[in-house]
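Residue 95, in the working numbering, is where the sequence shown stops; the numbers in between run on with no holes. Quick reminder that beta carbons are idealized off the backbone N, C-alpha and C, glycines included. All values reported here derive from a predicted model rather than from experimental measurement. Notes follow once the structure below has been shown.
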Amino acid sequence: MSGLGTASAQAIALINHLRDVGADLDLDLPRIVFAGKQSAGKSSLVEALTGICLPRAHRTCTRCPIEVTTKRSTSKDIPWSCDISLRILYDRDND
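Below you can see the structure in the form of structure tokens.
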């Protein structure tokens, strides 16, 4: 891995560790956000970057926020894996 690749991997590992211990509640950790009009290719870009196929329906793909967190695998035998969970957030009125 190049020097830049190593430094990037170390930075991503640190950011993931900070998120794991809850530091993102107090710190604004880096994130990438894709925003745009309907059918602008946001989900296709996420699929291309992550290799994860998102659900698709006729003329629409996703209609809810998606959070993708990438982590380097510690096992060389497993090329990649995916954990999917649903996180529902409510406002103060439980809406």
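The three-state secondary structure of Ala35, taken from DSSP, is coil. Note that the C-beta distance between Thr50 and Val68 is below 7 Å.
Judged by their CB atoms, Leu25 and Ile15 are not nearer to each other than the 7 Å cut-off. Rounded to whole angstroms, the separation of the alpha carbons of Ile52 and Ile78 is 16 Å. Per DSSP, the continuous alpha helix (DSSP H) segment holding Lys42 begins and ends at Lys42 to Thr50. Exclusion of the five residues before and after Ser39 leaves no residue of its chain whose Cβ lies closer than 7 Å to its Cβ.
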